[in-house]
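In what follows, a single structure is set out as structure tokens and then discussed.
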Amino acid sequence: MDEIRKTLTASILKLLRPLVRLMLRNGFTYGDFADLSKWTFMDVASKEFGIPGRKQTVSRVSVITGLTRKEVSRLQKIDTPDDSAIAHQYNRAARVISGWLRDPRFQTKKGAPAALYFDKGDASFSVLVKEHSGDVPPRAIYDELVRVGTIAKDESGKITLLSDGYVPRTGETGKLHILGTDVQLLLNTIDHNLQQGSQTPYFQRKVS
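All residue numbers for the sequence shown refer to the working numbering, where the first residue is 61 and numbers rise by one.
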């Protein structure tokens with residue numbers, strides 16, 4: 061256990077260094093980061109670390125996170141930080157591509173993104189959107205990905221993935237939203253693959 065904690069600590073430091081650099085360049089202070097970190101610890105512990113069949117309590121969240129009960133109660137009254145329309149649009153499209161790259165149901169036997177019919181079969185583009193992007197209309201995601209040149213239809217009418225990333229035509233704000241979503245997706249994949257007993261590992265892409 062000590063070895064795991066040591067390795068995780070080293071990995072967290074590697075993640076934090078470029079993040080802190082980016083925050084300092086954009087006027088964030090340690091206090092800003094600490095507030096966001098506390099809220100996130102509270103939110104994750106509240107939603108993901110409860111005991112099955114029992115309501116999560118302030119006391120349990122306090123024990124798990126190390127925050128005081130008073131602080132947990134205060135943080136639970138704070139709404140989720142706002143998300144802009146740019147982030148919403150990016151998150152939806154990015155999750156579809158991520159699912160295409162990582163979900164075995166939408167891949168070839170060799171693990172590459174498969175060409176998909178729009179709405180034919182159990183592994184269609186429409187199913188992909190439903191599984192990885194919620195209730196957004198598949199046509200809206202399709203039109204957006206075609207617009208930015210990420211997908212196209214081949215001669216057989218199947219949709220093929222041309223790029224393994226979605227880059228919206230936005231300014232600095234859009235690029236910063238990409239930071240949050242892409243890193244989140246990668247960390248979620250790593251966490252999923254590290255879980256003991258995971259029978260369906262996700263494809264984990266590394267770019268160097």
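Note that CB positions come from ideal geometry on N, CA and C, so glycine has one too.
Under 8 Å: do the stretch 204-219 and the stretch 176-194 share three or more Cβ pairs, one atom per stretch?
In short, these stretches touch, since the Cβ pair count reaches three.
Three or more beta-carbon pairs under 8 Å between the stretch 113-129 and the stretch 155-171, yes or no?
Segments in contact, no.
Residue burial classification, Tyr90 (beta-carbon count within 10 angstroms, cutoff 16)
The residue you call residue 90 lines up with position 30 of the sequence shown. Counting other Cβ atoms within 10 Å of its Cβ, Tyr90 stays below 16 and is therefore classed as exposed.
For Gln255, which three-state DSSP category applies?
Along the sequence shown, read from residue 1 onward, the residue named residue 255 stands at position 195. Secondary structure of Gln255 (DSSP, three-state): coil.
Suppose you measure from the CA of Glu204 to the CA of Asp214; what does that come to, to the nearest Å?
Position 144 of the sequence shown, counting from 1, holds the residue named residue 204. Position 154 of the sequence shown, counting from 1, holds the residue named residue 214. Note on geometry: alpha-carbon atoms of Glu204 and Asp214 lie some 17 Å from one another.
Simplified DSSP assignment, three categories, for Asp143:
The residue labelled residue 143 in the question sits at position 83 within the sequence shown. Legend: pLDDT at Asp143 = 49, less than 50; position of this residue unreliable, no value from coordinates given.
Excluding the five sequence neighbours on either side, which residues of its own chain have a C-beta within less than 7 Å of the C-beta of Met83, listed in chain order?
Indexing the sequence shown from 1 puts residue 83 at position 23. Only Phe93 meet the Cβ criterion.
In or out: Val123 buried (at least 16 other Cβ within 10 Å) or exposed?
In the sequence shown, the residue the question calls residue 123 occupies position 63. It is exposed - the Cβ of Val123 has fewer than 16 other Cβ atoms within 10 Å.
Helix, strand or coil for Ala153? Go by DSSP, reduced to three states.
For the purposes of this step, residue 153 is taken as the residue at position 93 of the sequence shown. Here Ala153 carries a helix assignment [DSSP, helix/strand/coil].
Local Cβ density within 10 Å of Ser106, reported as buried at 16 or more and exposed below that:
Within the sequence shown, residue 106 is the residue found at index 46, counting from 1. Buried, since its Cβ has 16 or more Cβ neighbours within 10 Å.
For the beta strand (DSSP E) holding Ile211, just list the boundary residues, first then last.
For the purposes of this step, residue 211 is taken as the residue at position 151 of the sequence shown. Note, Ile211: beta strand (DSSP E), 211-213.
If you follow the beta strand (DSSP E) that Arg220 is part of, which residue opens it and which one closes it?
In the sequence shown, residue 220 corresponds to position 160, counting from 1. Rather than Arg, the amino acid found at residue 220 in this sequence is Thr. Under the DSSP assignment, Thr220 falls in the beta strand (DSSP E) whose first and last residues are 219-221.
Gly159 classed as buried or exposed, judged by whether at least 16 other C-beta atoms fall within 10 angstroms:
Taking the first residue of the sequence shown as position 1, residue 159 is located at position 99. Around the beta carbon of Gly159, 16 or more other beta carbons lie within 10 angstroms, which makes this residue buried.
Using a threshold of 7 Å, state whether the C-beta atoms of Val132 and Ser193 are closer than that.
Looking up residue 132 in the sequence shown gives position 72. Looking up residue 193 in the sequence shown gives position 133. Cβ atoms of Val132 and Ser193: not closer than 7 Å.
Of all the options Ser223, Gly181, Arg152, which has the alpha carbon lying nearest to the alpha carbon of Ala200?
Residue 200 sits at position 140 when you count from the first residue of the sequence shown. The residue with the shortest Cα to Cα distance from Ala200 is Arg152.
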